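Have a look at the structure below before the remarks.
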Amino acid sequence: MPIESGNPVPSLGNIARFVRGIPKAELHVHLEGCIEPELMFALADRNGLTLRWPTPDSLRSAYDFPDLASFLALYFEGCRVLVQERDFYDVTRSYLTRAHADGVKRAEMFLGPQSFTDRGLPIGSILNPILAAIRDAEQADSISAALLVSAHRHRSEDDALYLLDSIMPWATDIAGIGMGGAELGNPPSKFAGFFRTCRERGFRTTIHAGEEGPASYVREALDLLRVDRIDHGNACLDDPALVRDLVARRTPLTVCPLSNARLHVVPSLSQHPLRRMLQAGLNVSVHSDDPPYFGGTVADNLLDCHQAFGLTMDEIATLARNSFASAFVTPSAAAHGIAAVDAFVAAFAP
Ligand code: HPA
Ligand code: ZN
2 MPIESGNPVP SLGNIARFVR GIPKAELHVH LEGCIEPELM FALADRNGLT
52 LRWPTPDSLR SAYDFPDLAS FLALYFEGCR VLVQERDFYD VTRSYLTRAH
102 ADGVKRAEMF LGPQSFTDRG LPIGSILNPI LAAIRDAEQA DSISAALLVS
152 AHRHRSEDDA LYLLDSIMPW ATDIAGIGMG GAELGNPPSK FAGFFRTCRE
202 RGFRTTIHAG EEGPASYVRE ALDLLRVDRI DHGNACLDDP ALVRDLVARR
252 TPLTVCPLSN ARLHVVPSLS QHPLRRMLQA GLNVSVHSDD PPYFGGTVAD
302 NLLDCHQAFG LTMDEIATLA RNSFASAFVT PSAAAHGIAA VDAFVAAFAP
């Protein structure tokens with residue numbers, strides 16, 4: 002029976018409880034994009050850096066972006082405050098604490114080391130503290146967490162291959178390889194050799210595609226790079242044959258509605274195509290991307306979609322099941338997550 006039956010418009014209190022409580026996997030979040038303004042100031046202070054803003058609130062009010070490029074400029078500026086090993090530890094640990102409170106049972110977090118290795122940080126000083134924070138969070142909160150190493154698409158393929166070589170000593174601790182950065186003008190085909198090498202070395206792969214870029218970038222990601230997931234992927238809707246292929250292959254699309262609204266990838270949250278993507282049969286799930294920059298956690302994304310265009314409890318449950326089905330985990334761990342969603346939905350008392 003549909004869970005809304007007899008209660009077609011759930012009260013905000015009910016839906017908020019449902020959204021926060023439902024088990025979910027966060028598959029598209031960038032650690033560099035998780036530095037809350039207060040933490041940004043604390044990290045700047047302990048590293049002897051001065052920010053361009055006088056207070057955390059004034060920094061927060063600068064989070065107003067006409068497009069992806071303007072966001073990335075501020076995001077890379079914010080990366081400057083991550084200097085010492087304990088900075089990477091603290092950002093990871095504080096994100097995982099918030100995710101746990103949000104009902105996230107599995108978190109796969111991107112970090113792009115090139116921002117930091119450029120400044121001379123050794124790769125181990127970046128990866129080791131993140132992996133330590135993951136272990137500590139897993140022990141403290143029984144959350145399952147993993148690192149995805151992300152390469153920058155606005156740099157060269159050789160740069161990406163150099164990064165790949167540098168992380169090989171940590172290969173068994175890394176859940177997958179991703180790619181972000183400025184999309185337009187940097188199509189997936191630029192990195193065909195890099196993604197082939199990642200696959201040959203046994204890594205799972207994902208790439209941002211179809212966020213600002215066209216449907217042809219999603220097609221390249223699917224057929225040329227043969228990635229396991231696509232981050233965003235919204236533009237696929239412009240190509241019905243591509244949608245058919247994505248549906249047939251159950252390719253996961255990690256959609257970030259608040260990010261899309263804040264970066265004007267969609268005209269407004271109420272016009273976000275998430276429902277159309279679900280109705281097309283695409284394997285979509287909802288994620289936060291860069292929570293403080295875009296205004297919320299994964300639960301906030303779901304709740305805001307409920308308020309903006311009436312995302313239903315049934316749809317939220319489907320998105321939560323899809324998130325576990327799309328995680329870089331064993332089939333039995335994915336099935337366990339999906340069963341936890343089913344049990345939560347069955348037990349939920351409005
Ligand atoms: N797109 C591309 N690169 C990124 C993003 C994004 O939304 N967030 C962090 N890096
Ligand atoms: Zn992203």
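Residue 2 is where the sequence shown starts when you use our numbering, and the numbers rise one by one after that. We treat Cβ as the ideally placed atom computed from N, Cα and C, and that holds for glycine. These numbers were taken from a predicted model, which means no experiment stands behind them.
Sequence-distant Cβ neighbours of Thr298 in its own chain, meaning closer than 6 Å and more than five residues away, are Asp103, Ser289 and Pro292. DSSP, reduced to helix, strand and coil, places His337 within a helical segment of the structure shown.
Those residues that have a beta carbon less than 6 Å away from any non-hydrogen atom of the ligand ZN are, in order along the chain, His29, His31, Gly181, His209, Asp232 and Asp290. In the three-state scheme derived from DSSP, where H, G and I count as helix and E and B as strand, Pro189 is classed as helix.
Put simply, of Val266, Arg322, His233 and Gly282 the residue whose alpha carbon is nearest the alpha carbon of Val30 is His233. Between the alpha carbons of Glu213 and Asp65 lies a distance of about 17 Å. Residue Ala152 holds the alpha-carbon nearest to the alpha-carbon of Pro114 among Arg136, Gln140, Phe325 and Ala152. Residue range Val105 to Leu112 is occupied by the beta strand (DSSP E) that includes Leu112. Restricted to the stretch 213-290, the alpha helix (DSSP H) segments that are unbroken, complete and at least 4 residues in length are 216-221, 241-250, 258-263 and 275-280, listed in chain order. Going by C-alpha positions, Gly79 is about 27 Å away from Arg230. In its chain, beyond the 5 residues on either side, Gly182, Ala183 and Asn187 have a beta carbon closer than 7 Å to the beta carbon of His155. If you draw a straight line from the Cα of Ser333 to the Cα of Arg227, it is about 24 Å long. Gly211 has its alpha-carbon roughly 32 Å from the corresponding atom of Tyr90. Restricting attention to Ile178, Phe42 and Ala100, the CA atom closest to the CA of Phe111 is found in Ile178. Counting along the chain, no alpha helix (DSSP H) covers Ile144, and no H or E run does either. In the three-state scheme derived from DSSP, where H, G and I count as helix and E and B as strand, Ala183 is classed as coil. Contact between the stretch 233-252 and the stretch 270-279 is present, with at least three C-beta pairs closer than 8 Å. A distance below 8 Å separates the beta carbons of Val248 and Gly282.
In this structure, the beta-carbon distance from Leu148 to Ile124 does not fall below 8 Å. Taking a contact to require three or more Cβ pairs closer than 8 Å, the stretch 17-27 and the stretch 39-50 do not qualify as touching. Between the alpha carbons of Pro268 and Tyr96 lies a gap of roughly 29 Å. Measuring C-alpha to C-alpha distances from Arg21 to each of Asn302, Ile339 and Val150 identifies Asn302 as the nearest. Met314 counts as buried, since at least 16 other C-beta atoms from the protein chains shown sit within 10 angstroms of its C-beta. When distances are taken from the beta-carbon of Gly214 to the heavy atoms of the ligand HPA, even the shortest one reaches 7 Å or more. Here Gly177 is bridged, per DSSP, to Leu149. Taking C-alpha positions only, Leu238 is separated from Arg251 by approximately 15 Å. A residue is called buried when at least 16 other Cβ atoms come within 10 angstroms of its Cβ; Ser116 meets this threshold and is buried. His101 carries a helical assignment under DSSP once its states are collapsed to helix, strand and coil.
Not a single heavy atom of the ligand HPA lies less than 7 Å from the C-beta of Leu50. Membership of Ile208 in the beta strand (DSSP E) is indicated by the continuous run Thr207 to Ala210. Relative to the Cα of Ser286, the nearest Cα in the group Gln272, Asn261, Thr319 and Leu264 belongs to Thr319. In the three-state DSSP reduction, His307 falls in the helix class (H, G or I). Glu109 has its CB no nearer than 7 Å to any heavy atom of the ligand HPA.
Here the distance from the Cβ of Gly104 to the nearest heavy atom of the ligand HPA is not below 7 Å.
DSSP places Val84 in no beta strand (DSSP E); its state is neither H nor E. Counting only residues of its own chain and dropping the five nearest sequence neighbours on each side, Ala193 has a CB closer than 7 Å to the CB of Leu225 and Leu226.
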